[in-house]
Amino acid sequence: MAKPRPPRKKRRGQRDLSLPYVEQVFGVGEPEHGGRLDSFLAARVSWRSREGVRKFITDGWVQVMPGKDPQQAEVGAIRRGLKLRMGQEVVLRMPAPKPDANQPAPNPGEDNLECIFEDDWLVAVNKPPNISVHPSKGHLTGSLIHLVHERHRRHFPNAEEVPTLCHRLDRETSGVMLCAKDQLSRTRIGRQFEARTVQKTYLALVVGEIPEENGVMDQPLGRSNNSAVRLKMGVREDGEGQPSLTEWSVVRRFPETGECSPKTLVELRPKTGRQHQLRVHLAAMGYPILGDKLYLGGDDVFIRHVNGELTSEDHGLLGMDRQALHAWKLEVEHPMTGKRITLEAPIWPDMS
0 MAKPRPPRKK
10 RRGQRDLSLP
20 YVEQVFGVGE
30 PEHGGRLDSF
40 LAARVSWRSR
50 EGVRKFITDG
60 WVQVMPGKDP
70 QQAEVGAIRR
80 GLKLRMGQEV
90 VLRMPAPKPD
100 ANQPAPNPGE
110 DNLECIFEDD
120 WLVAVNKPPN
130 ISVHPSKGHL
140 TGSLIHLVHE
150 RHRRHFPNAE
160 EVPTLCHRLD
170 RETSGVMLCA
180 KDQLSRTRIG
190 RQFEARTVQK
200 TYLALVVGEI
210 PEENGVMDQP
220 LGRSNNSAVR
230 LKMGVREDGE
240 GQPSLTEWSV
250 VRRFPETGEC
260 SPKTLVELRP
270 KTGRQHQLRV
280 HLAAMGYPIL
290 GDKLYLGGDD
300 VFIRHVNGEL
310 TSEDHGLLGM
320 DRQALHAWKL
330 EVEHPMTGKR
340 ITLEAPIWPD
350 MS
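In numbering that gives the first Met the number 0, the protein residues as written are 0 to 351.
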């Protein structure tokens, strides 16, 4: 008679950023077996003193879970000298970072995101410009996923899981952001992105009037060899670049009028997903995106932007406070129904 399988351990999903604490999970490996809890934590939160780590424990911010302990031994009282077992998980919960005082606080009970699609498995929003999609070193709070989680908790207070990002956009780029509400949907959507079966369509407002109606940009891209900015990409004809393909077509031309230079609204359909692909391809054509500090402004302008030192001349050159790039449409296969769906985000007001 076959031995019954033990129940599968529930997978840890996306950390709920709507909660008033931050959770970190550390696995206990073979080298730490038998070691003290306070020593284990002190080695992993080096930004706190040993006494600070002990205060975490005495204040009740630390929990020890059986995790993958083969014997699933009962965990004793949480104290500084608790001996850990290989496979256990040490969970540290700390108060969440305080919101940025320079950002207006959202009104309780109100959605601060434009939802463009939602069902039991997916939610898609129109990402505002100048907001990071997830927390980063300089932006611990107020990210898009923070706002998505806060909205989700208002609408579904008893939900066991919170949405997870399915892809990303640059901080300055607006438009469609798709999130999955459960791990299976996230996995199935992720496979589509890996297989490049997801169709993305962007709108960009570029400097100059493009005479042609449409075309294809297929220059290989790689790290720029002659830039002081490490993240800058460029067209590489030396065999070191990655194949990159973008289809484009003109939506509308704006001829020069008075003090306004000519501009073109372009529809972009990337067939590959290289870093800064659309921005680099358009700049290589001679039509950089309005507001792009790196590929329109150049290294010096970008560095001044990072340092908060943009001049009035810089602002005049850029023409907009952010890069005029909008993720307009996203076409995917629904993870549960299998039907092809098209998500469309209205163009953001600062571009329209």
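All C-beta atoms, glycine included, are put in the ideal place defined by N, C-alpha and C. Please read all numbers here as calculations on a predicted model, not as lab measurements.
Note down, in chain order, each residue of its chain lying with its Cβ closer than 7 Å to the Cβ of A323, except the 5 sequence neighbours on either side. A203, L204, I288, L289, G290 and M350
Using alpha carbons as the reference points, say which of L329, L40 and Q23 lies closest to Q198. L329
Find the nearest neighbour of V89 within the set L40, V206, L220 and R251, judged by alpha-carbon distance. L40
Would you call the stretch 240-254 and the stretch 274-281 touching, i.e. three or more CB-CB distances under 8 Å? yes
W327 versus R47: straight-line alpha-carbon distance, rounded: 44 Å
Proximity winner among N157, K67 and L83, relative to G34 (alpha-carbon distances): Of all alpha-carbon atoms in N157, K67 and L83, the one lying nearest the alpha-carbon of G34 is that of L83.
Which listed residue (V24, P261 and V122) has its alpha carbon closest to that of H154: Looking at V24, P261 and V122, the one whose alpha-carbon comes closest to that of H154 is V122.
Have a look at Q62, H275 and W120 and flag the residue whose alpha-carbon is nearest the alpha-carbon of M335. W120
Count the other CB atoms, across all protein chains shown, that sit within 10 Å of the CB of E171; report buried if there are 16 or more and exposed otherwise. buried
Please classify C259 as buried or exposed, where buried requires at least 16 neighbouring CB atoms within 10 angstroms. exposed
Quick one: Cα of D217 to Cα of G285, how far? 15 Å
In this structure, how does DSSP classify L177 when only helix, strand and coil are distinguished? strand
Give the straight-line distance between the Cα atoms of S243 and H275, rounded to the nearest whole angstrom. 11 Å
How should P162 be labelled, buried or exposed, when 16 other C-beta atoms within 10 angstroms of its C-beta is the threshold for buried? Taking every protein chain shown into account, the CB of P162 has 16 or more other CB atoms within 10 angstroms, so this residue is buried.
Identify which residue in P219, N125, K292 and H333 has its Cα closest to the Cα of R190. For the residues P219, N125, K292 and H333, the minimum Cα distance to R190 belongs to H333.
Could you name the residues of the same chain whose beta carbon sits closer than 6 Å to that of E343, not counting the 5 residues immediately before and after it, in chain order? K328
Sort G86, A179 and G214 by Cα distance to E117 and report the nearest one. A179
Pick out whichever of G59, I144, G86 and V206 has its Cα sitting closest to the Cα of A76. G59
Under the DSSP definition of a beta bridge, which residues are partnered with Y294? Partner(s): none; Y294 has no beta bridge.
Quick check: the Cα distance between G174 and M93, rounded to an integer number of angstroms? 33 Å
What's the gap between the Cα of L264 and the Cα of I346? Between L264 and I346, the C-alpha separation is close to 12 Å.
Return the residue from the list E160, L168 and Y201 that minimises the CA-CA distance to S184. E160
Element boundaries [alpha helix (DSSP H), containing G189]: Q182 to A194
So, for N213: in the same chain, excluding its five sequence neighbours on each side, which residues have a beta-carbon less than 8 Å away from its beta-carbon? E246, W247, S248 and V249
Cα separation between P127 and L177? 13 Å
Along the beta strand (DSSP E) that carries I115, what are the first and last residues, could you check? E113 to E117
Can you tell me whether P156 is buried or exposed, with buried defined as 16 or more other CB within 10 angstroms of its CB? exposed
Taking only three categories from DSSP, how would you classify A326? strand
To the nearest angstrom, report how far apart E266 and S226 are at their CA atoms. 28 Å
CA-to-CA distance, T200 to T341, given in whole angstroms: 10 Å
Closest Cα partner of D237 within the set P219, F253, D299 and T196: P219
Let me check understanding here. Comparing Cα to Cα, which of E208, L293, V24 and D181 lies closest to R251? E208
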